[in-house]
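Chemist:
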Amino acid sequence: MHRLFVAIRPPATIRSALIGLMEGIRGARWQDDEQLHLTLRFIGEVDGRTAEDVAAALGGVRQPPFAVALDGVGQFGSRGRPNALWAGVRPHDSLAHLHRKVDQTLVRAGLDPEGRAYLPHITLARFGRESGGLDAFLARHAGLSSAPFEVTGFALYESRLGHAGATYTMVERYDLRD
4 MHRLFVAIRP PATIRSALIG LMEGIRGARW QDDEQLHLTL RFIGEVDGRT
54 AEDVAAALGG VRQPPFAVAL DGVGQFGSRG RPNALWAGVR PHDSLAHLHR
104 KVDQTLVRAG LDPEGRAYLP HITLARFGRE SGGLDAFLAR HAGLSSAPFE
154 VTGFALYESR LGHAGATYTM VERYDLRD
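Number 73 in our numbering belongs to position 70 of the sequence shown; there are no gaps in the numbering.
1. Here's the rule I'm using: 16 or more other beta-carbon atoms within 10 Å means buried, otherwise exposed. How should P123 be labelled?
2. Looking at the unbroken alpha helix (DSSP H) that takes in I28, where does it start and where does it end?
3. Can you tell me whether H166 is buried or exposed? The criterion is at least 16 other CB atoms within 10 Å of its CB, across all chains shown.
4. So what does T172 bridge to, in DSSP terms?
5. In chain order, which continuous runs of the beta strand (DSSP E) of length 3 or greater are located wholly inside the stretch 40 to 70?
6. In this structure, how does DSSP classify L179 when only helix, strand and coil are distinguished?
7. Starting from H5, trace the beta strand (DSSP E) both ways and give me its first and last residue.
Right, dumping it as structure tokens:
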């Protein structure tokens, strides 16, 4: 089985800026440089044949390149407890359009449609039971921003879960074009 997702890899300057923020929260499991990405669509576990179909189908996605920028920070949580810290990305329109195209392509390849609302973000950290200092971090970095960076493509990744966290391997890269 293959655990797959589709994502955009931010440029090195953006990843470096994000890594520079990663401190000051007890219990944070910070993402490393190899883990920083902007998810377009989580696929999940699929067999080898489906993985091949997905990789081939994504080659048909067409959209012109576009620019986005970092924009603020936030958190996801459940049951009143934070479980992830993220950096936001704007503008959403081009990202949402690309997300829809990827989702429609995957549905045509036989997968179920995305069931969750799409909120473009780059995960910075994950939390277990402790997240001391999170509120101060959110306040300190609420105005996070960057110069716009060009999105010229996206990739299909395979994720392997381990004791030290997830490791991601790029399966195939796809260039954006009209």
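No residue lacks a Cβ here, since even glycine has one placed at the ideal position from N, Cα and C.
Modeler: In this structure, then:
1. Counted from its first residue, the sequence shown places residue 123 at position 120. Buried.
2. To locate residue 28, count along the sequence shown from 1; it is residue 25. Per DSSP, I28 belongs to no alpha helix (DSSP H) and is neither H nor E.
3. In the sequence shown, residue 166 corresponds to position 163, counting from 1. Its Cβ having fewer than 16 others within 10 Å, H166 is exposed.
4. Locating residue 172 in the sequence shown gives position 169, where the first residue counts as 1. E161, per the DSSP bridge assignment.
5. 41 to 49
6. Sequence index remark: in the sequence shown, residue 179 carries index 176 (1-based). Assigned with DSSP and collapsed to three states, L179 falls in coil, not helix or strand.
7. The residue given as residue 5 occupies position 2 in the sequence shown. The continuous beta strand (DSSP E) containing H5 extends over residues H5 to I11.
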